[in-house]
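Respectively, the protein sequence lines represent chains A and B. The first sequence begins at 1 in this note's numbering and counts up one residue at a time. The second sequence begins at 882 in this note's numbering and counts up one residue at a time.
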Amino acid sequence: MKPTPPHKALRFLRWFCRKDYLEEVEGDLIEIFENQYENSPSAARRKFVWTVIRHFRPEFIKVFGLSQRLNSSSMLLNYVKVSWRNLARHQLYSSIKIGGFAAGIAACLLIALFVLQELAYDKHYKASDRIFRIVRENTWNGDLSKGAHMPHPFAATLIQDYPEIELAGRYNPSVSFGAGGNEVRRIDRKLSQHEENIAFADQSVLNILEADFLAGNPNKALNEPNTVVITESIAQKYFRDDDPINKIIILNNDESTQLKVTGVVREFPLTSHFRYQFLISLAEKEFFEGEASNWRNQNYITYIRVNPETDVSALEEKLENMVQNYILPASIELGVEDDVSWVRTTQLKLQSVENIYLNRSEVGDGLVHGDIRFIWLFTAVGLFILAIACMNFVNLSTAKSANRAKEVGLRKVIGSNRSHLIGQFLVESILLSAVAHVLGVVISLLCLPYFNSLLGAQLILPENILWPVFIIIISIISTGLLAGIYPAFYLSSFKPIKVLKGKISTGVKSSALRNTLVVLQFTISIALIISSVIIYQQMDYILNKKLGYDKDQVLVLNGTHTMKDKIYTFKEELLQVPGVSSATISAYLPVDGTRRNNGGWKTQGMEDHESVSGQHWAVDADYIETLNLEIVKGRDFSAQIASDSQAVIINESLAKALAISELNGDEIYNWLGGWNVIGVVKDFHFESMKNKIRPLGLFMRPSRRTMAVKVSGSEIRNTLDAVTSVWQEFSPNQPIRYTFLDQQYASMYSYVKRLGNILTLFSGLAILIACLGLFALSSFIIQQRGKEMSIRLVLGASLQHIFHLLTGNFVGLIVIALLIASPLAWYFVNAWLQDFAYKIAIHWTIFVYTGVFIMVIAFLTVSYQSIRTAMMNPVDNLKSE
Amino acid sequence: MKTPSLGEFEELVLLMVAALHDEAYGVAIMEGLESKLSKSVNISAIHVALKRMEEKGFVKSRFGGITSDRGGRRKKFYVITAFGKEALDQQYSVRTDLYQQIPKISFG
C-alpha cells in the first residue's frame with residue numbers, strides 16, 4: 001500500500017491552493033514524500049507539512065480573497081443603488097420609515113444626554129474615592145431618618161482623633177445664619193445686587209472639593225476670619241477689570257462686617273452638587289456664644305478626605321466613638337430623656353461624594369438632588385420610543401415585501417444565494433439607519449435649546465466628540481441589524497419559482513408579527529398618554545386646590561430687611577398707594593424658599609418629651625388679613641391690644657395635637673416662653689403637597705426679610721410702578737426684587753409640570769410614530785386587497801361595508817393595546833402619586849377618554865386610505881392585470 | 882520590449898529546464914539542482930520560479946499522462962521557449978563579456 005501524506009496538511013493545501021496549480025503542486029509534493037518515505041517516514045511527514053506551509057504564499061493562494069471582494073464590492077454598489085431606487089419609488093413609505101426612525105433617535109439622543117449628565121454628577125474629583133460626607137442615621141419609633149448636619153467642633157475633632165483622615169471641613173448653607181440669598185455690594189460702590197449662592201465654609205472644604213484657584217492662595221484663602229472666596233463670574237460681575245484680591249464686599253448694606261476677597265476660583269462644574277459662588281470663611285466664626293464647644297446644635301455639613309489605602313468601613317465603625325465621646329455626653333448633660341435615647345440610636349456613616357447628588361431626599365441636606373427614578377423613567381421612555389421606531393421599520397419592511405418579492409426571485413434565479421440576499425437587506429437597512437441617525441442627530445441638535453427649557457436643565461454637548469461618534473456608529477450598525485434582521489430573513493426565504501409565478505403570499509404569513517408590533521406600539525403610546533394626563537391632573541389639582549390662603553394678587557417683596565427700622569414707615573407709605581389693600585412684614589410665607597423653623601409646642605400640663613413638633617412663625621398684625629386666612633375660632637391679632645404681643649394664633653393641626661377644643665385663655669409654650677392662645681385658623685398649605693399639614697403657631701415678632709403686599713383692582717401695572725417708586729425712596733441702593741405669591745407657589749411644583757411636559761412631548765412623539773406606522777401599514781394592506789375590494793364593490797358591497805372591512809382589524813388591535821396599557825399605566829402613576837399626601841384619585845374615565853382619543857386618531861389614520869379605496873371606481877383597479 | 886529580468890535562482894531553474902529538455906517537471910528539476918549545487922532545494926522555491934518564468938514567457942508547460950504514482954496526479958512538464966533561450970543567451974553573453982574584461986593578473 002502506498003504511504004499517505006499527512007491528511008490535515010493535504011487538506012489545507014487543497015483548501016488554499018489555486019485550482020490550476022493544485023494538481024502539479026500536490027503531485028510533486030506527494031512524489032517527494034513517497035521518495036523520502038522509504039528512508040524515514042516521520043521525516044517525510046515533517047518535510048511534507050513544512051513544504052505545504054512553504055507553499056502558503058501569495059503566488060499559490062486561491063483568489064477567493066480577491067475575486068470575491070471585487071464581486072461583493074461591485075454588488076455593494078448595486079445594493080445601494082437598488083435601495084435608493086426603492087426609496088425613491090415609494091416616497092411616502094420611505095419618508096415615514098426614515099422620518100419616524102430619525103424622530104425616535106433624536107428623542108433617544110436627548111434623553112441619553114440628560115441621563116448621562118445626571119449620572120456624571122460629582123465624578124470629576126481627582127480623589128473622588130477618598131472624599132466622603134458624614135451622614136448620621138437615627139432610628140426613632142421605627143422610622144429611619146438621615147441628616148448631613150454635624151455640630152460645630154465635629155470636623156476639627158475628626159482631624160484630631162483619626163489619623164487616617166487627611167482633611168476635614170464644614171460648610172453652612174443655612175438661611176437662618178445668613179447664608180443663601182443676600183444683598184451684596186462692594187464697599188466702595190452704592191448699588192447692592194441680590195445673590196443666591198452664598199455659604200459659609202472652611203478652607204479645607206475648598207481643598208477637599210478641589211476648588212480650582214485662579215487667584216489667591218489655594219491653601220490659605222479662608223484661613224482668616226471675614227474673608228471670602230468668590231467664583232470667576234462673580235469676580236467679573238463685581239470687579240470687572242480690577243484685581244478682586246483684597247477688595248472688600250459687604251452683605252445687606254451692613255458696613256460693620258467687611259468681607260475681604262482672598263481668592264477667586266473657577267466656577268464649580270455644572271455636574272457638582274456644590275455650586276456656591278461666595279464662600280465666606282468660617283474661621284473663628286461662632287453664630288452664637290459658645291458654639292465652638294457645642295455638640296448639641298447641628299448646623300454644619302461636614303466632608304472628609306481620607307488617606308489613600310484607608311479601610312473605609314473600618315473607619316466608619318470607628319466613628320461610633322464620636323457619638324460615644326462627644327455627642328452623647330452633651331445630650332446627657334442637657335438631661336432631656338427623649339433626646340438622650342434618640343442620640344443613642346445615632347450611627348455615623350460615610351457617604352461617598354459621588355452618591356450625594358442622586359440620593360434623592362433621603363438625607364436631609366437642603367441640596368438640589370437628581371432623582372434616580374426619573375433617570376430610570378427617562379431611560380425607559382427613550383428606549384420605548386426607539387423600540388416603536390424600530391418596530392415601524394420592521395413592520396414596513398415586511399409589509400412591503402411583496403414589492404420586493406420579484407426582485408428576490410430574480411436575484412435567486414441568476415445565482416444569488418440566501419446569504420447574499422440577507423446581506424443585501426442588511427446593507428439596505430444599515431444604510432437607512434445611517435441616514436436616519438444623521439437626520440436624528442441634526443434634529444436633536446436643533447431641539448436641544450427647546451428641550452433644555454422644557455426640562456429646566458442645562459444640557460451641554462460633550463466636549464469630547466470621539467465617544468459620541470463611536471457610539472452613534474455602533475448604534476447605526478446595531479439598530480440597522482436589529483431592524484433589518486427579520487425582514488432580511490423573511491424576504492430572502494421566498495421561493496423563486498413561486499414568486500415569479502406570482503403566487504406570493506403578500507406577507508400574510510407575517511401578519512401575526514405585524515399585529516403584535518402594532519399592539520406593542522400602541523400599548524406604549526397609550527401608557528405614556530395616560531401617565532401624562534394623570535400627571536397634568538395632579539398638577540391642576542395642586543394649582544387649583546383651595547389652599548386655605550389666598551395666593552392671588554399677593555406681591556412678595558424680597559430683601560426688605562436691609563431697610564431695618566425704616567421698614568415700618570415703608571409699610572405705611574405702601575398702604576397709601578392706590579391698589580394696595582394690605583401689607584404684612586414676615587419672613588415666613590406659605591411657599592418654599594421663605595423661612596422655616598421647627599421646635600416643640602406644649603401645653604401647661606405636658607412634659608418636655610410630649611411636646612408637639614411644629615412651626616413657630618413670626619408675623620405681624622396684618623398677616624392673617626393679607627393672606628386671607630380663615631379664622632375658625634377666636635380672633636385676629638390687633639395692633640391696639642398691648643397684650644397681643646404675648647398672643648398666639650394656632651392652626652387646626654396644632655389645636656388638635658394639643659387637644660385645644662375651646663379657647664379659655666389657655667397658654668401654650670415654646671422655647672421662648674408662654675403664649676396666650678387667642679385664635680385658631682383653618683389649616684392652610686404652607687408646605688409641599690407631599691406632606692400633611694403640620695402644626696403651626698403664629699405670633700407677633702419682627703422678621704423683616706420679606707414683605708407680602710395684597711394688591712387689588714385691575715391696574716396692577718400702575719400699582720407696581722407706584723410700589724417701585726416708594727421702594728426707591730427707601731432703598732435707593734438696592735433694586736427692588738419682587739415675585740407674586742402664586743408664581744412662587746407654582747414654582748414649587750415646576751418639577752411636576754416639567755415631568756408632565758416631557759411625558760406629553762414623548763407621548764406625542766410615540767403616538768405620532770405609531771400612527772405613521774399604522775398609516776403606512778394600512779395603506780399597504782389596502783393596496784394588497786385593492787382588487788378584492790373592487791370586486792366586492794362591483795358585486796354590490798356598500799361603502800360602509802368596505803370601510804368596515806378595512807378598518808375593523810386595526811380597531812381590534814387598539815382595543816387590545818388599551819387593555820394592556822391601562823393597568824400598566826395605572827400601576828406606575830399610582831406609585832408616583834404616593835409621593836403626595838394630597839392627591840387626586842385616578843378615575844376610570846381617564847382610561848376611557850384616552851381609549852376613545854387613541855381610537856379616533858387611529859381611525860382617522862386608517863380611514864384616509866380606506867375611504868379612498870371605497871370611493872374608487874372599481875374599474876380603474878380591475879382593468880389591468 | 883524590454884526583456885524581463887531573470888533572477889539568479891530563476892536562471893538556474895531555467896538552465897535546468899533547458900538541460901532536462903522535455904523531461905523537466907518539478908521534482909526532476911529539484912533533484913537535478915540538488916545534485917549540481919550539492920545543497921537541498923525546497924520544491925516551493927522551484928514552483929515559484931517556474932510560475933514566474935511562465936508568466937514572463939520564458940517557459941511553457943503541458944500536463945503529462947496519469948500514472949499510479951504521485952497520488953494519481955499528473956506531472957507538469959516545462960520546456961524553454963525561444964524567448965527564454967534568448968534571455969539565457971543574453972545573460973550568458975553579458976557574463977562572458979564581463980569575465981573577458983578581467984585583467985590578466987596573477988592572484989598568486
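Just so it is clear, CB atoms sit at the ideal spot from N, CA and C, and this is done for glycine as well.
Rounded C-alpha distance that separates residue i from residue j
{"i": "GLU625 of chain A", "j": "VAL554 of chain A", "result": "12 Å"}
{"i": "ARG595 of chain A", "j": "LEU589 of chain A", "result": "7 Å"}
{"i": "HIS55 of chain A", "j": "GLU967 of chain B", "result": "30 Å"}
{"i": "ILE245 of chain A", "j": "ILE230 of chain A", "result": "10 Å"}
{"i": "PRO578 of chain A", "j": "SER712 of chain A", "result": "9 Å"}
{"i": "LEU887 of chain B", "j": "SER949 of chain B", "result": "36 Å"}
{"i": "PRO496 of chain A", "j": "LEU410 of chain A", "result": "7 Å"}
{"i": "SER638 of chain A", "j": "ASP592 of chain A", "result": "27 Å"}
{"i": "PHE762 of chain A", "j": "MET150 of chain A", "result": "43 Å"}
{"i": "ASP161 of chain A", "j": "LEU328 of chain A", "result": "17 Å"}
{"i": "PHE167 of chain A", "j": "PRO153 of chain A", "result": "In the sequence as displayed, the identity of residue 167 of chain A is Leu instead of Phe. Cα to Cα, the separation comes out at about 14 Å."}
{"i": "PRO984 of chain B", "j": "ALA899 of chain B", "result": "32 Å"}
{"i": "ALA201 of chain A", "j": "LEU574 of chain A", "result": "39 Å"}
{"i": "GLU652 of chain A", "j": "HIS843 of chain A", "result": "30 Å"}
{"i": "ARG373 of chain A", "j": "LEU214 of chain A", "result": "38 Å"}
{"i": "THR227 of chain A", "j": "ASP254 of chain A", "result": "15 Å"}
{"i": "ILE111 of chain A", "j": "LYS498 of chain A", "result": "47 Å"}
{"i": "PHE132 of chain A", "j": "ILE460 of chain A", "result": "28 Å"}
{"i": "SER688 of chain A", "j": "VAL580 of chain A", "result": "28 Å"}
{"i": "ILE840 of chain A", "j": "VAL848 of chain A", "result": "17 Å"}
{"i": "SER798 of chain A", "j": "SER525 of chain A", "result": "34 Å"}
{"i": "ILE96 of chain A", "j": "SER397 of chain A", "result": "12 Å"}
{"i": "TRP295 of chain A", "j": "LEU315 of chain A", "result": "21 Å"}
{"i": "PHE48 of chain A", "j": "ALA9 of chain A", "result": "8 Å"}
{"i": "ARG11 of chain A", "j": "GLY945 of chain B", "result": "24 Å"}
{"i": "ALA657 of chain A", "j": "VAL612 of chain A", "result": "7 Å"}
Helix, strand or coil at residue i [DSSP, three-state]
{"i": "ARG69 of chain A", "result": "Caution applies to ARG69 of chain A, whose pLDDT of 47 falls short of 50 and renders its modelled position unreliable; the model cannot decide the point."}
{"i": "PRO462 of chain A", "result": "coil"}
{"i": "HIS843 of chain A", "result": "coil"}
{"i": "TYR827 of chain A", "result": "helix"}
{"i": "THR516 of chain A", "result": "helix"}
{"i": "ARG185 of chain A", "result": "strand"}
{"i": "SER863 of chain A", "result": "helix"}
{"i": "LYS710 of chain A", "result": "strand"}
{"i": "GLN981 of chain B", "result": "helix"}
{"i": "PHE101 of chain A", "result": "helix"}
{"i": "LYS19 of chain A", "result": "helix"}
{"i": "HIS90 of chain A", "result": "coil"}
{"i": "ILE332 of chain A", "result": "helix"}
{"i": "MET872 of chain A", "result": "coil"}
{"i": "ILE649 of chain A", "result": "strand"}
{"i": "ASN877 of chain A", "result": "helix"}
Partner residues on chain B for residue i, Cβ-Cβ distance less than 8 Å
{"i": "LEU29 of chain A", "result": "ILE924"}
7 Å Cβ cut-off: residues of chain A touching residue i
{"i": "ARG954 of chain B", "result": "GLU23, GLU26, GLY27, ILE30"}
{"i": "LYS957 of chain B", "result": "GLU24"}
Chain-ordered chain B contacts of residue i [CB-CB under 9 Å]
{"i": "THR51 of chain A", "result": "ASN923, ILE924, SER925"}
{"i": "GLU34 of chain A", "result": "ASP950, ARG951, GLY952"}
Closer than 7 Å at the beta carbon, the chain B residues around residue i
{"i": "GLU59 of chain A", "result": "VAL929, LYS932"}
{"i": "ARG54 of chain A", "result": "ASN923, SER925"}
Cβ of residue i within 8 Å of any chain C Cβ
{"i": "HIS928 of chain B", "result": "This model lacks chain C altogether; the protein chains it does include are A and B."}
**Contact list for the region 924-936 of chain B against chain A, Cβ threshold 9 Å** = For the region 924-936 of chain B, which is checked against every Cβ of chain A, the residues closer than 9 Å are ILE924, SER925, ALA926, ILE927, HIS928, VAL929, LEU931, LYS932, ARG933.
**Request:** With 7 Å as the C-beta to C-beta threshold (strictly closer), list the residues of the region 890-918 of chain B near chain A in chain order.
**Result:** GLY907, VAL908
**Request:** Quick one: which residues of the region 966-984 of chain B get their C-beta closer than 8 Å to a C-beta of chain A? List them in chain order.
**Result:** none
**Item:** Whole beta strand (DSSP E) elements within the region 666-704 of chain A, 3-residue minimum
**Value:** Whole beta strand (DSSP E) segments, 3+ residues: 667-670, 673-681, 696-700.
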